[in-house]
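A short write-up of the structure that comes next.
Residue numbers (my numbering): 84 to 472.
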């Protein structure tokens, strides 16, 4: 529902030094990923608490998912476009008359946090007011060597390096190749790859099932190629639209028994916890040699415990259903939650994992700041220098 309330407008470029002109250095140690469910809506309705929260985080990188800003296009039609005329790193109004306070809210939000984070963000935007992602880097923090926006582009880059070819094929400029729905941002740092995605929802139709399977196939191929051709570790965060196990659902039976016949067995159940999605998640972990950082730091209750799933009031579910009184709709998901936003990291980073937690809790969605998702926070310890203790 929020997506249709989100405004879409171009962002004014603040007059600050951009990381795009700085020399790459360092690795991120503190990262947050948050599905904002419409950046303009959040900026309009939750600006004060967002600014306060984002400044207090003071992390190296913030990823924002589902920003719902339209990619800039040199023409009138933003839905059917010549992709060569699209700039996915900046936005354009959904309608030219979108100039009210809601449309200015994103600009104001970014100005308010500009003393902490380099703005404008690194955007990857869709043709329509849907999906889209963004990344904010902390001023004075680590700077990536390169940023990629498709799996195919980075695979091509890895193959070129393996073949001894020189020269970068991805830059931080507007000419970079993007996923058409702006779902991928991949940053290469000194010794770490940092990936953020907004994974497509499995949906309830054959078309959406195929879209998700195609996504999973491309993601697994990317992870396999990264393992094969790069010695750098991977940190993968974002809304992956998957609750890996029943313990990641507030009401396992209710979620699993939704949407049954006539669907095939792989796609039965609420999107986000179907057998097929769960199998793909396990294959993803294997392909990338990854583990679930949140679950590592927050072990599941014993299966024979009095309550086999975590308390709905606690910080254990990253997505929460809405309040029908607030939205004027039947809130059948109200009081229910799923852990579908994740931080997955390479096995070799296990000794450096200090903290991974969800920054929201409760049926009233405290810490969600208007979204139906809360931020997920990851902290790695400082990397030991070679020859150090």
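Glycine included, C-beta positions come from ideal geometry on N, C-alpha and C.
Bridge partner(s) assigned by DSSP for residue 321: 280, 425
Among residues of its own chain, excluding the 5 on either side of residue 357, which ones have a beta-carbon nearer than 8 Å to its beta-carbon? 285, 349, 350, 351
Is the beta carbon of residue 294 less than 8 Å from the beta carbon of residue 280? no
Three-state secondary structure (DSSP) of residue 341: coil
Best match in 344, 369, 437 for proximity to residue 376 [C-alpha to C-alpha]: 437
Take residue 308 and list the residues in its own chain whose beta-carbon comes closer than 7 Å to its own, dropping the five residues that flank it on each side. 238, 241
Identify whether residue 440 lies in helix, strand or coil by the three-state DSSP scheme. strand
According to DSSP, simplified to helix, strand and coil, what is residue 263? coil
Using three-state DSSP, classify residue 310 as helix, strand or coil. helix
Do residue 463 and residue 112 have their CB atoms nearer than 8 Å? yes
State the Cα-Cα distance for the pair residue 394 and residue 130, rounded to the nearest angstrom. 29 Å
Could you tell me which residues DSSP pairs with residue 271 in its beta bridges? 229, 276
Nearest neighbour of residue 110, chosen from 272, 289, 259 [CA to CA]: 272
Can you tell me which of 246, 261, 216 puts its alpha carbon nearest to the alpha carbon of residue 234? 261
Beta-bridge partners of residue 153, as assigned by DSSP: 209
CA-to-CA distance, residue 204 to residue 417, given in whole angstroms: 33 Å
Could you check how far apart the C-beta atoms of residue 214 and residue 132 are, in whole angstroms? I think they sit under 8 Å. Actually they are not in contact, since the Cβ atoms of residue 214 and residue 132 sit about 24 Å apart, beyond 8 Å.
Going by DSSP, name the residue or residues bridged to residue 400. Paired residue(s): none; residue 400 is not in a bridge.
Residue 217, DSSP secondary structure in three states: strand
Under a Cβ-count criterion, where at least 16 other Cβ atoms within 10 Å of its own Cβ denotes burial, should residue 191 be classed as buried or exposed? exposed
Nearest-angstrom Cα separation, counted from residue 428 out to residue 304: 17 Å
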